[in-house]
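Q: Below are the structure tokens for one structure; questions will follow.
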Amino acid sequence: MTRSTTPETIAREQQFAARNYAPLPVVLERGHGEWLTDVDGKRYLDLMSAYSAVSHGHAHPRLVRALTEQAQRVAVTSRAYHTAALGPFLEKLTRLTGLERALPANGGAESVETAIKAARRWGYQVKKIPQDRAEIVVARGNFHGRSTTIVSFSTEDSYRDGFGPFTPGFRHFDFGDLASLEAAITPNTAAVLIEPIQGEAGIVVPPDGFLRGVRALCDKHRVLMILDEIQSGLGRTGRWFAFQHEGIKPDGLILGKALGGGLLPVSCFVATAEVMDVFEPGSHGSTFGGNPLAAAVGLEALEVMEDEGLVARSAALGSHLLSRLRQIDSRIIRAVRGRGLWVGVDLDPALAPARAVVERLAAKGVLSKDTHETVIRFAPPLTISRAALDWGIDVFIETLEEFEPAPAHKADVNQADVTALPATPRRKAAMKSQRDTQRPTARPATRAHLMMSAPDHFEVSYKINPWMDPEHWAVSAERLASDAKRGWQALKLTYERLGARVEVQPPVRGLPDMVFTANAGLVLDRKVTLARFLCRERQGEQPHNRAFFEALRARGVVDEVIDTPAGLYFEGAGDAIWDRQRSVLWTGYGQRSSREMQFVLAETYGVPTVALELVDPRFYHLDTCFCVLGRGDVLYYRPAFSERALGLIEDLVGRDRLIEASDEDACHLAVNSVALGDDAVFCHATETLRGQLAERGYRTHVVPLDSFNRSGGAAYCLTLRLDLSTPVGAAKQPIFVEDDAVELRAAA
Ligand SMILES: Cc1ncc(COP(=O)(O)O)c(C=O)c1O
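In this text, residue positions in the sequence shown follow my numbering: the first is 420, and each later residue adds one.
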């Protein structure tokens, strides 16, 4: 067979295909990961991932294996019979979403139709809306698919033109406007159906608190809240589901796209039992819905997402993508919007029509998609490497430069041209100041709230890490104890000078390491996860820590004190470092804390977590070899980590934001430092490290803590931050009620 040339292939497709799409002139033949190859062997970076359907990257080996193995076993049976594959898939989906029942289908629109039918029936059977009067409130600018019913409530003419008569029963409100939503609700409203972020409309992110407000209005008026997370779900926004950013739970959730792992159309309506139980046999169905092939691939898609930490990747790389795009100084860009690895760049069409930019990008090997003439969408596979993402952004910047009006031309435009140019000096200044505010900055000067434990009984009487040398201490115990007191006081004073408030936990004789309060627990969003120590020598600290945190709770400093689940070990903030810039929690395992704590903490705090394996016994807690500084730079010591962990760090932080600690600094426990905004408190710092920090805008404060170094600890170990919080609008309550979380809360 002779291969068609690109124009011939395109012509052939155009001759026989319906004209409902206008594809870019590329003919793709193969895909692997984030890369696609065309029929001529040219490679393209996929920054679109088929509207999120390829979140796992192309041809993910685990997914291809699940597909082929199941296809060889049995692929399609219809729902006239049970199959072994369906139950596990739907169980996983309900556990992840926190909802009770799931109804699988194929394309996304099918599941939107399911949701509409469920809402109407619920309206009649449960809410007792008069027959055929049920209404569903939808947002202006919505996109939920292309069926006749769905386009009936679209507000986009091109989706509707010529397709009437339309299905009645829908009312509109302005997306993001709660007053407009409340005005649209009537006694006959069965449901509000919305996208948490409007994708096709141009990645429109509603104001913080909007979803919480929708939840409250739905509760107030006894209306179902149904979220279409076909595009926003499954990690795209940096959380499993976009609703988690606001700590609410919908009554019904529509998923699709990435659920098929980039291989098959798989969608699902997931809902509470009250909603789903309106369906009885015969009332709804689909021949291919829930077939064993789809179920096997769907289950594997969810498991790959979990195993590969794709949600955390999306949060971390997404914040990098957003910040790089927001730093572009171009007159063409009007706005950059997005969340996670899902970003829309709004362009000034007078300077650069989005389609023209997308075509130019494709010619340079980067695939993206325009929407509404002005917005370019970036939604790469969540598996994308940081290097590839950076390359794609570089190409985008270079492409925009081609569209920028030439400087010489800018200089000699006459007054009439100036008014015609959309980028007036005032607007340009406004755009610049907007971009400036979006540059990474350290936390504004709020008063840090810290916990320390007095060193009165500090000594080295046992050896639980390579630093500890009880024999040495036996000789000079007294001198080193007084040094410890001096160092500890100096550290506390430094914090106070930097504006921090310090709570002091009373020490206990015989528990010398209690001074290392970072290990007492993790406090995030006023919720304490108590440590459970691996080393017997430190287990005696646990009841004292619990008592102190309970006292803090009684004083209103924290809200909840919860235990580490039975059977797991967790050494507190020493192995759980909150990264505000990237909205991820880095956890350490391999020495002291259990690897599974990653999942417990993700669930407890509703945040993505990245687990890093520690391989050097000298660096036995994550805080000894990994420090997130105030502006998001990360100081780390490479030999402490496994290859896989190093890959994750490089990928998610990026080489430009990494500072590699030297052997000398790391062995003086310099990495174990505390960042308070642009101030960083170290026990030691070589000239080189000081220079690197100063270059990046940090003020270094060095407090010698030699006596504590003898125990393997330094500034961070001696300090527990009580006031860390996840971003505004994020969940303040656990969202998912899985078995161990229930136990965990019951135990608390
Ligand atoms: C939010 C949303 N809902 C529904 C759909 C329709 O999905 P499908 O094209 O698989 O029918 C889409 C597709 O882009 C979507 O983004």
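Note that the Cβ used here is the ideal one computed from N, Cα and C, for glycine as well. Just so it is clear, the structure is predicted and the values come from calculations on it, not from any experiment.
(1) Where in the stretch 1022-1061 do unbroken runs of the alpha helix (DSSP H), each at least 4 residues long, occur, reported from the N-terminal end onward?
(2) Where does LEU953 fall in DSSP's three states?
(3) Could you work out which residue in GLY940, VAL531 and ALA620 is closest to THR574 when comparing CA atoms only?
(4) Distance check for LEU1065 and TYR1008, CA to CA, integer angstroms please.
(5) Under a three-way DSSP split, which group does TYR1117 fall into?
(6) May I ask you to check if the CB of PHE1060 is nearer than 8 angstroms to at least one heavy atom of ligand 1?
(7) Quick check on GLN746: does DSSP put it in helix, strand or coil?
(8) Are the CB atoms of LEU1095 and ALA867 within a distance shorter than 9 angstroms?
(9) Is it a yes or a no for the stretch 589-596 touching the stretch 557-577, going by three-plus beta-carbon pairs under 8 angstroms?
(10) With a threshold of 9 angstroms between beta-carbons, can PHE572 be considered close to chain B, or not?
(11) Whose CA, out of VAL1053, ALA995, GLY708 and GLN908, lies closest to the CA of ALA499?
(12) Take HIS1040 as the anchor and find which of GLY1132, ILE1078 and ALA1080 has the nearest alpha-carbon.
(13) Could you check whether PHE935 and SER872 sit closer than 9 angstroms to each other, using their CB atoms as the reference points?
(14) For the stretch 745-790, which segments carrying the alpha helix (DSSP H) assignment without a break, of at least 4 residues, lie completely within its bounds, in sequence order?
(15) Spell out a yes or no on whether the stretch 914-923 and the stretch 940-956 are touching, meaning 3 or more CB-CB pairs, one atom from each, closer than 8 angstroms.
(16) Classify SER749: buried if its beta carbon has 16 or more other beta carbons within 10 angstroms, exposed otherwise.
(17) Which stretch, first to last residue, makes up the alpha helix (DSSP H) that contains ALA469?
(18) By alpha-carbon positions, which one of LYS461, VAL446, ASP465 and VAL445 ends up nearest to TRP454?
(19) In three-state DSSP terms, what is GLU1015?
(20) State the DSSP-derived secondary structure class of PHE967, mapped to helix, strand or coil.
(21) Report the rounded CA-to-CA distance for ALA437 versus ARG431, giving the unit in angstroms.
(22) Would you say LEU1124 and GLY991 are within 9 angstroms of each other, going by their C-beta atoms?
(23) Beta-carbon within less than 8 angstroms of PHE435's beta-carbon, same chain only, minus the 5 sequence neighbours each way: which residues are those?
(24) Could you compute how far the alpha carbon of GLY474 sits from the alpha carbon of ALA677?
(25) Report, in whole angstroms, the separation of the C-beta atoms of ARG999 and VAL977, which I expect to be a contact under 8 angstroms.
(26) Considering only residues of the same chain and omitting the five flanking positions on each side of PRO626, which have a CB-CB separation below 7 angstroms?
(27) How would you write the range of the alpha helix (DSSP H) that MET724 sits in, first residue to last?
(28) DSSP three-state label for SER1144, please.
(29) Starting from the Cα of GLY581, find the closest Cα among PRO587, GLY588 and SER571 and give me that residue.
(30) Would you check if the stretch 664-677 and the stretch 486-494 touch, i.e. whether three or more CB-CB distances between them fall below 8 angstroms?
(31) Measuring only the C-alpha atoms, how far is GLY993 from ASN938?
(32) In terms of residue numbering, what span does the alpha helix (DSSP H) encompassing GLN489 cover?
(33) To the nearest angstrom, how far is it from the Cα of TYR1055 to the Cα of HIS1103?
(34) Once the 5 residues before and after LEU786 are set aside, which same chain residues still bring their CB inside 8 angstroms of it?
(35) Could you give the distance in angstroms between the alpha-carbon of ALA1113 and the alpha-carbon of TRP810?
(36) Would you decide whether LYS547 is buried or exposed? Buried here means 16 or more other CB atoms lie within 10 Å of its CB.
A: Checking against the coordinates, here is how it stands:
(1) Taken in chain order, the stretch 1022-1061 contains no complete alpha helix (DSSP H) segment of 4 residues or longer.
(2) Taken through DSSP and simplified to helix, strand or coil, LEU953 comes out as coil.
(3) Closest option to THR574, Cα to Cα, is ALA620.
(4) The alpha-carbon atoms of TYR1008 and LEU1065 are separated by roughly 14 angstroms.
(5) The answer is coil: DSSP assigns TYR1117 none of H, G, I, E or B.
(6) For PHE1060, the distance from the CB to the nearest heavy atom of ligand 1 is not below 8 angstroms.
(7) The answer is coil: DSSP assigns GLN746 none of H, G, I, E or B.
(8) Contact: yes.
(9) Counting Cβ pairs under 8 angstroms, three or more are found: they touch.
(10) Chain labels in this structure do not include chain B; a single protein chain is all it has.
(11) When only C-alpha atoms are compared, the closest one is GLY708.
(12) By alpha-carbon distance to HIS1040, the top candidate from GLY1132, ILE1078 and ALA1080 is GLY1132.
(13) Between SER872 and PHE935, the gap from beta carbon to beta carbon is short of 9 angstroms.
(14) Runs of the alpha helix (DSSP H) lying entirely within the stretch 745-790 and spanning at least 4 residues, in chain order: 773-782.
(15) No, they do not touch.
(16) Buried: at least 16 other Cβ atoms inside 10 Å.
(17) Its alpha helix (DSSP H) spans residues 468-471.
(18) Comparing Cα positions, the closest option is ASP465.
(19) Residue state, collapsed to three classes: coil.
(20) Assigned with DSSP and collapsed to three states, PHE967 falls in helix.
(21) The alpha-carbon atoms of ALA437 and ARG431 are separated by roughly 12 angstroms.
(22) Here LEU1124 is not near GLY991, since their CB atoms are 9 angstroms or more apart.
(23) Taken in chain order, the list of residues that qualify is empty.
(24) According to the sequence as given, residue 474 is Ser; it is not Gly. Approximately 6 angstroms, taken between the alpha carbons.
(25) At roughly 19 angstroms, the Cβ-Cβ gap does not stay under 8 angstroms, so ARG999 and VAL977 are not in contact.
(26) These residues qualify, in order along the chain: GLY595.
(27) From DSSP, the alpha helix (DSSP H) with MET724 extends over 711-726.
(28) In the structure shown, SER1144 falls within a coil segment according to DSSP collapsed to helix, strand and coil.
(29) With distances taken between CA atoms, GLY581 lies nearest to SER571 out of PRO587, GLY588 and SER571.
(30) Per the Cβ contact rule, the stretch 486-494 is not in contact with the stretch 664-677 (fewer than 3 Cβ pairs under 8 angstroms).
(31) Spanning the two alpha carbons is a distance of roughly 5 angstroms.
(32) Boundaries of the alpha helix (DSSP H) around GLN489: 480-492.
(33) When rounded, the distance between both Cα atoms is 14 angstroms.
(34) Non-local C-beta neighbours of LEU786 in its own chain, meaning closer than 8 angstroms and more than five positions away in sequence, comprise LEU443, VAL445, LEU455, TYR463, LEU464, ASP465, LEU466, MET467 and LEU780, ordered along the chain.
(35) Looking at the two C-alpha atoms, the distance is approximately 28 angstroms.
(36) LYS547 counts as exposed, since fewer than 16 other C-beta atoms from the protein chains shown sit within 10 angstroms of its C-beta.
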